[in-house]
Amino acid sequence: MLFESPLITAYALVVAALLGLVMGSFINCWAWRYIHGESVISGRSHCTSCGHDLGIRDLVPVFSWLASKGKCRYCGEKVSARYPATEIICAVVFVAIVAVYGLSLETVELLIFACILLFLSLTDIDDFLVPNGCIVAALVVRVVYMAIACALGQMTLADVGYFAGSAFAIGVALLIVVLVADKVFGRESMGGGDLKLYFVAGLYFGWQQGIFVVILSCVIGIVVAIVAPRRKEPSPEGIPECKSESAMKRVFPFGPSIAVACIITMLVGNPLVSWYVGLL
Ligand SMILES: [Zn+2]
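363 is the number of the first residue of the sequence shown in the working numbering; add one for each residue after it.
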């Protein structure tokens, strides 16, 4: 159990779930605004169909959507089930991270990283876009975490070197594979955003779990490619640079598969790699 008292454990998990619901709601809103070129920090939340400002009643995660039966209260237009789904996913991920890592510095780091992964999954699904801002934010969070962990004696400089080395090893190895594959197949085999994301995974998880992220994301990606409905082009309202030829050729976004692999790795990566290494 997380804490000695079951009551405090339950309390911590409920708080994590509520925080996850609220963050999921914010991420939905930010991702939509980012894709549509609106300011992420200013302006009131509004209906994406009629533009009517939303009140407190419309902004309660999941419950507002259920109460209005998945429709806008002002224009009656359908509101995608993706919004409550993202909120629930965020809540589940928050609860899982707190359950695994307790109340620690690492928990804070991973909660923020999970939010970044969720955000880039949404923008990638909508517009085949893993924003550079997400990569930079994830790197900054990791570097700040490592600096604080070193100052507190929870991490050594050797650990920092291991994670940095892992990031470069995975990034360079995949870059070579991608360049060769591009040459052989005569087309872009992987987006630059996806490559940067693998670099980030190496920095967060080290090379052993980083390799696990690569393999797992490929398996998830293949399953998604088979199961998901095929789309030929990004959403019509997408921002212009997303309509590049290379984006057009990509039939499905790969970012969410890497994001899911990263989240599974942060939850079960340690015991899984120990088990795997034990087999050798
Ligand atoms: Zn509306």
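By construction, the Cβ of each residue, glycine as well, lies at the ideal position given by its N, Cα and C atoms.
Does the beta-carbon of residue i have 16 or more other beta-carbons within 10 angstroms, so that it is buried, or is it exposed?
{"i": "Ile389", "result": "buried"}
{"i": "Glu599", "result": "Residue placement at Glu599 is poorly supported in this model, since its pLDDT is 48, which falls under 50; the coordinates are not used for a value here."}
{"i": "Val639", "result": "exposed"}
{"i": "Cys412", "result": "exposed"}
{"i": "Arg406", "result": "exposed"}
{"i": "Ser504", "result": "Here residue 504 is Arg; the residue named in the question, Ser, does not match the sequence. Its Cβ being crowded by 16 or more others within 10 Å, Arg504 is buried."}
{"i": "Ala513", "result": "exposed"}
{"i": "Tyr507", "result": "buried"}
{"i": "Leu642", "result": "exposed"}
{"i": "Ser608", "result": "Low confidence applies to Ser608: its pLDDT is 46, below 50, so where it sits in the model is not reliable enough to give any reading."}
{"i": "Gly548", "result": "exposed"}
{"i": "Ala458", "result": "buried"}
{"i": "Phe574", "result": "buried"}
{"i": "Gly339", "result": "The question about residue 339 has no answer, for the chain in this structure spans 363 to 642."}
Pull the bridge partners of residue i from the DSSP assignment, please.
{"i": "His408", "result": "Asp415"}
{"i": "Lys433", "result": "Lys440"}
Shorter than 7 Å, the distance from the beta carbon of residue i to the closest heavy atom of ligand 2, or not?
{"i": "Cys452", "result": "Although ligand 2 was asked about, the structure shown includes only ligand 1 as ligands."}
With the cut-off set at 8 Å, would you say residue i and residue j are in Cβ contact?
{"i": "Ala499", "j": "Ile478", "result": "yes"}
{"i": "Gly382", "j": "Val502", "result": "no"}
{"i": "Leu364", "j": "Ala461", "result": "yes"}
{"i": "Phe490", "j": "Trp392", "result": "no"}
{"i": "Glu467", "j": "Ile510", "result": "According to the sequence as given, residue 467 is Leu; it is not Glu. Yes, the pair counts as a contact, with Cβ atoms nearer than the cut-off."}
{"i": "Ser551", "j": "Val540", "result": "yes"}
{"i": "His359", "j": "Tyr436", "result": "Past the edges of the chain, shown from 363 to 642, lies residue 359, and the structure says nothing about it."}
{"i": "Ser571", "j": "Gly523", "result": "Reading off the sequence, residue 571 comes out as Gln, not Ser. No, these two residues do not count as a Cβ contact at 8 Å."}
{"i": "Ile397", "j": "Thr485", "result": "yes"}
Residues passing the C-beta test against ligand 1 heavy atoms, cut-off 7 Å:
Cys409, Ser411, Cys412, His414, Cys434, Tyr436, Cys437 and Glu439
Considering only residues of the segment 489-523, which uninterrupted alpha helix (DSSP H) runs meet the minimum length of 4 residues and lie entirely inside it, listed in chain order?
494-513
Mind listing, in chain order, the continuous alpha helix (DSSP H) runs of no fewer than 4 residues lying wholly within the segment 443-472?
444-463
Ignoring anything shorter than 4 residues or poking outside the segment 367-409, list the alpha helix (DSSP H) runs there in chain order.
368-397
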